[in-house]
Amino acid sequence: METGEARDAQSYLAGVAERLAGDGCSVGWDNWAGAPVLVGRRADFRLRWAATRLHLFTIAAEVPEITVPVIDSFTRQAMRYAKAHKGGLPVGLQTGVALFPVLVSERVDPAAMWWAMERQRLEFACMARPVVVDAARRAVGYYRGKPAVGRFYAHHQITRGDRYLTAPDWPLVPTR
7 METGEARDAQ SYLAGVAERL AGDGCSVGWD NWAGAPVLVG RRADFRLRWA
57 ATRLHLFTIA AEVPEITVPV IDSFTRQAMR YAKAHKGGLP VGLQTGVALF
107 PVLVSERVDP AAMWWAMERQ RLEFACMARP VVVDAARRAV GYYRGKPAVG
157 RFYAHHQITR GDRYLTAPDW PLVPTR
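The numbering used here applies: residue 7 is where the sequence shown begins, and numbers increase by one.
Below is the structure:
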């Protein structure tokens, strides 16, 4: 029998898919080791970004429990996926990748929420802002800062993150 929180998690993912599509992202579902994963993507070019194209991915899944090792592993897997599926020029040649690896669960270790909100995770020409969604509390947490590395893109990432990941009934967790 499905719990209310499980329905909330599915409703949250459906809302993210709608918001992604409404913003012009391509949206679909992929299968990662038997688990359905929502994948939204778009590419934007700005002269003010030193004439680069930024490929923005939102990769979201429901899981039984979110701990720091779980969100860390999912973030790394999502970074590999985004770099492999972005298309166009190789990463770093006037092109970069940003992504929101999103996990949703009714069981969230508070340390995982703070881990996601602490900072973005970096690899060469790839910036991830992990997102933890607590379906039991209907709360969303992710890093919204402007770091030195990737500062050109920070406003774009924060704007898109707020647009895709939050809703009136799914607010952001306040930072410490």
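Even for Gly, the Cβ is constructed at its ideal location relative to N, Cα and C.
For K152 and A88, I'd like the C-alpha separation in whole angstroms. Going by the C-alpha atoms only, they are around 22 Å apart.
Give me the DSSP bridge partner(s) of D50. Looking at the DSSP output, D50 shares a beta bridge with L60.
In terms of residues, what are the limits of the beta strand (DSSP E) holding W38? Where W38 is concerned, the enclosing beta strand (DSSP E) stretches over 32 to 38.
Might you give, ordered along the chain, the residues of its own chain that have their beta carbon closer than 7 Å to the beta carbon of Q163, omitting 5 neighbours on each side? For Q163, same chain residues with a beta-carbon under 7 Å away, outside a window of 5 residues either side, are A104, R135 in chain order.
Unbroken beta strand (DSSP E) run spanning V114, endpoints: No beta strand (DSSP E) contains V114, which DSSP labels as neither H nor E.
Using only alpha-carbon positions, find the residue among T181, D140, A173 that is nearest to A23. A check of alpha carbon separations from A23 across T181, D140, A173 identifies A173 as the nearest.
Of the choices V69, W176, D50, whose alpha-carbon is the least far from that of P42? Nearest of V69, W176, D50 to P42, Cα basis: V69.
Examine the Cβ distances between the segment 129 to 146 and the segment 35 to 49 and report whether three or more of them are shorter than 8 Å. In the pairwise beta carbon analysis, the segment 129 to 146 is classified as not touching the segment 35 to 49: fewer than three pairs are separated by under 8 Å.
CA-to-CA distance, A122 to I77, given in whole angstroms: Answer to the nearest angstrom: the Cα atoms are 8 Å apart.
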